[in-house]
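Colleague: Right, I'll just put the structure down here and ask away after.
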Amino acid sequence: MAGHPEDAEIRFLTGTYAPLPDAAHYQQTVTELDLGCGAGSYTIQLAARFPERNILAADVMLGRLRKVIRRRNRARLNNLTVLRTEARFLISFAAPDGCFDRIHLLCPDPWPKDRHRGHRLLSSDFTAQLHRVLKTDGIFHFSSDDQTYCAAVRDVLETSGLFRAVAADPALDGIVSDFEQRWNDIGRSVTHLFYQRLPLPPKTIGH
Ligand SMILES: C[S@@+](CC[C@H](N)C(=O)[O-])C[C@H]1O[C@@H](n2cnc3c(N)ncnc32)[C@H](O)[C@@H]1O
């Protein structure tokens, strides 16, 4: 790690169990998470558009996070926190209940081959954890150029009974992630899905 001054500004949530730093603050103030932020174009634009919100950018790849730190510092954004963490670890273990107002999962690796489908982030277990870490009425925002992946995500969210489809938020218009831009540049469109967290259904006691 020596020789990378940006590393001092990255929060590392790897190795042994580590809870999300400042989670209590995020529970009480408006907080958005860009999960798998990559080189960070989306996150940088989001932080600039909503300076009063906490924006968290999370990824496993250190080189990409260093880039996000450099871009954040150049843009003088003081509402953007960069986390090195694995997405399942953050969502299933490190983040407490009701932490995020909105989670963006944009152009995640689609793992299109049938035998690799299990590598996809969106599964029914992950959906339940997304529901747990979102606040009341929180939003899950997903995008992909891969229609099969979009259909699978719709299916898992809708059959969960934990989310309902809602309209796109016009306040996000014009904010484009690095991968979406890449796809657009070669003439491929990217589909965006917005799902709102529903209250948990009442528990039924066995008779
Ligand atoms: C295809 S890129 C998309 C980046 C960005 N969201 C965009 O739309 O430009 C996927 C990103 O997710 C990150 N990623 C993949 N699996 C991950 C995981 N399990 N936990 C955290 N990040 C992950 C990769 O390192 C990569 O930066």
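Residue numbering for the sequence shown is 1 to 207, as defined by this note's numbering. For each residue, glycine too, the CB sits at the ideal point set by N, CA and C.
Determine the burial state of Tyr17: buried for a count of at least 16 other Cβ atoms within 10 Å of its Cβ, exposed for fewer.
Modeller: exposed
Colleague: Start and end of the alpha helix (DSSP H) containing Ala151?
Modeller: 147 to 160
Colleague: When DSSP labels each residue in this structure, what does Leu77 get in the three-state scheme?
Modeller: Correct three-state label for Leu77: coil.
Colleague: Name the one or two DSSP bridge partners that Asn219 has.
Modeller: The structure shown has nothing for residue 219, since the chain only spans 1 to 207.
Colleague: Assuming contact is defined by CB atoms lying nearer than 8 Å, are Arg197 and Gly138 in contact in what I supplied?
Modeller: yes
Colleague: Could you check whether the Cβ of Cys107 sits closer than 7 Å to any heavy atom belonging to ligand 1?
Modeller: Result yes, Cβ under 7 Å from ligand 1.
Colleague: Restricting to Cα atoms, I'd like to know which of Lys67, Thr127, Leu80 is closest to Val30.
Modeller: Leu80
Colleague: Applying the criterion that 16 or more other CB atoms from any shown protein chain within 10 Å of the CB defines a buried residue, is Lys203 buried or exposed?
Modeller: exposed
Colleague: When you compare the region 144 to 159 with the region 32 to 41, are there three or more beta-carbon pairs, one atom per stretch, that lie closer than 8 Å?
Modeller: no
Colleague: If you reduce the DSSP assignment to three classes, tell me which class Met1 lands in.
Modeller: At Met1 the pLDDT is 48, less than 50, meaning the model places this residue with poor confidence; the figure from the coordinates comes in the next sentence. Of the three classes helix, strand and coil, the one that applies to Met1 here is coil, per DSSP.
Colleague: From the DSSP output, read off the bridge partner residues of Val133.
Modeller: Residue pairing by DSSP leaves Val133 without any beta bridge partner.
Colleague: Please classify Asp59 as buried or exposed, where buried requires at least 16 neighbouring CB atoms within 10 angstroms.
Modeller: buried
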